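Residue numbers for the sequence shown, in UniProt numbering: 1 to 177.
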Amino acid sequence: MTGVPTVLLVSGSTRAGSTNTALIRTAAAIRPLETRVFDQLAALPAFNPDDDVEPLPAAVATLRAALDQADALLICTPEYAGALPGAFKNLLDWTVGGAEMPALPVGWINAAGVAAPTGGEGAHSELATVLGYVQARVVDEACRRVPLSRSQVGEDGLIDDPEVRAELDRAIDALLG
Ligand SMILES: Cc1cc2nc3c(=O)[nH]c(=O)nc-3n(C[C@H](O)[C@H](O)[C@H](O)COP(=O)(O)O)c2cc1C
Numbered sequence: 001m002t003g004v005p006t007v008l009l010v011s012g013s014t015r016a017g018s019t020n021t022a023l024i025r026t027a028a029a030i031r032p033l034e035t036r037v038f039d040q041l042a043a044l045p046a047f048n049p050d051d052d053v054e055p056l057p058a059a060v061a062t063l064r065a066a067l068d069q070a071d072a073l074l075i076c077t078p079e080y081a082g083a084l085p086g087a088f089k090n091l092l093d094w095t096v097g098g099a100e101m102p103a104l105p106v107g108w109i110n111a112a113g114v115a116a117p118t119g120g121e122g123a124h125s126e127l128a129t130v131l132g133y134v135q136a137r138v139v140d141e142a143c144r145r146v147p148l149s150r151s152q153v154g155e156d157g158l159i160d161d162p163e164v165r166a167e168l169d170r171a172i173d174a175l176l177g
């Protein structure tokens, strides 16, 4: 690593009041010098191998550049219908043809609370499969369970709970360690 190491933060949810996105925003707020948020999930076009050529669609180029500049990746994603949200799987599909993922340290926060009947297990199992496929380096210490409820998201879109913030700190430390 050269200079200040950077963790790219990605939420797998496009929902405005998302607890997963709140976690990502909170991580950026507590570690502003070492994090960068990718916030163009909804702008990514549906993956098409025919479009995986230069010039890339703008949001794909932004994603690949952000991954290229990142020293690590932290993901917070909900589970939909027993699996990863389609929009987020689409993001991961766009990484397959790039050179950025192999050996990139990756962690994920499982924020599933009582509203998530399977506790996010299916999403995280799929995440492990896809990250293995793209040869990312999953950092076990940076994969943490932080159950959240919607009421924990403040009006500023952040999570104040010091325990939650401490878990985010630990995940980022593990990724950068
Ligand atoms: C369409 C839909 C399908 C869902 N399917 C599952 C599921 O299969 N398993 C699960 O644990 N939670 C499921 N959930 C619950 C969400 O994963 C859970 O509420 C999550 O914490 C929401 O994250 P968010 O606050 O970032 O939107 C589903 C929610 C929606 C809207």
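Idealized CB from N, CA, C, for every residue including glycine.
Source: prediction; values computed, not measured.
Per DSSP, what are the beta-bridge partners of S11 in this structure? Your numbering for residue 11 matches position 11 in the sequence shown. Answer is C76, bridged to S11.
Would the region 160 to 171 and the region 135 to 144 be scored as touching if the rule is three or more Cβ pairs under 8 Å? yes
Pop quiz: V138 and D71 are said to be a contact at Cβ under 8 Å. What is the actual Cβ separation, rounded to whole angstroms? Residue numbering aside, residue 138 sits at position 138 when the sequence shown is read from its first letter. Residue numbering aside, residue 71 sits at position 71 when the sequence shown is read from its first letter. At roughly 15 Å, the Cβ-Cβ gap does not stay under 8 Å, so V138 and D71 are not in contact.
Classify G132: buried if its beta carbon has 16 or more other beta carbons within 10 angstroms, exposed otherwise. The sequence position of residue 132 within the sequence shown is 132, counting from 1. Exposed, because fewer than 16 other Cβ atoms sit within 10 Å of the Cβ of G132.
T21 beta carbon near ligand 1 (any heavy atom closer than 7 Å): Against the sequence shown, residue 21 aligns to sequence position 21. Answer for T21: yes, Cβ within range of ligand 1.
As a quick exercise: from P45, L176 and Q40, pick the residue whose alpha carbon is nearest that of A66. For this step, residue 66 is matched to residue 66 along the sequence shown. Among P45, L176 and Q40, the Cα nearest to that of A66 belongs to Q40.
If you pair each beta-carbon of the region 73 to 80 with each one of the region 44 to 57, do three or more pairs fall below 8 Å? no
I'd like to confirm the pairing. Which residues does DSSP put opposite P105 in its beta bridges? Reading the sequence shown from its first residue, position 105 is the one you call residue 105. Beta-bridge pairing links P105 to R137.
Which residue comes first and which comes last in the beta strand (DSSP E) that contains F38? Position 38 of the sequence shown, counted from the start, is the residue given in the question as residue 38. Start and end: T35 to F38.
Taking only three categories from DSSP, how would you classify V153? One-based indexing of the sequence shown puts residue 153 at position 153. Of the three classes helix, strand and coil, the one that applies to V153 here is strand, per DSSP.
Which two residues bound the contiguous alpha helix (DSSP H) that contains F88? What you label residue 88 is simply residue 88 of the sequence shown in a count that begins at 1. Where F88 is concerned, the enclosing alpha helix (DSSP H) stretches over G86 to V96.
Do you know whose CA, among A174, P5, D52 and V153, lies nearest L91's CA? As a position in the sequence shown, residue 91 is number 91, starting the count at 1. Out of A174, P5, D52 and V153, D52 has the C-alpha closest to the C-alpha of L91.
Would you please state the rounded distance, in angstroms, between the beta carbons of S13 and T21? I believe it to be under 8 Å. For the purposes of this step, residue 13 is identified with residue 13 of the sequence shown, where counting begins at 1. For the purposes of this step, residue 21 is identified with residue 21 of the sequence shown, where counting begins at 1. 6 Å between Cβ atoms; contact.
Quick one: is T19 buried, meaning 16 or more other Cβ sit within 10 Å of its Cβ, or exposed? As a first step, residue 19 must be located in the sequence shown, where it is residue number 19. The residue is buried, with at least 16 neighbouring Cβ atoms inside 10 Å.
Expressed to the nearest angstrom, what Euclidean distance is found between the alpha-carbon atoms of W108 and A59? Counting from 1 along the sequence shown, the entry for residue 108 is found at position 108. Counting from 1 along the sequence shown, the entry for residue 59 is found at position 59. Between W108 and A59, the C-alpha separation is close to 22 Å.
Which one of R64, S149 and V10 has the shortest CA to CA distance from G17? Here residue 17 refers to the residue found at position 17 when the sequence shown is read from its first residue. Ranking R64, S149 and V10 by CA distance to the CA of G17 puts S149 first.
Is T118 near ligand 1 - that is, is its Cβ less than 7 Å away from at least one heavy atom of it? By one-based count along the sequence shown, residue 118 stands at place 118. Because some heavy atom of ligand 1 lies under 7 Å away, the Cβ of T118 counts as near it: yes.
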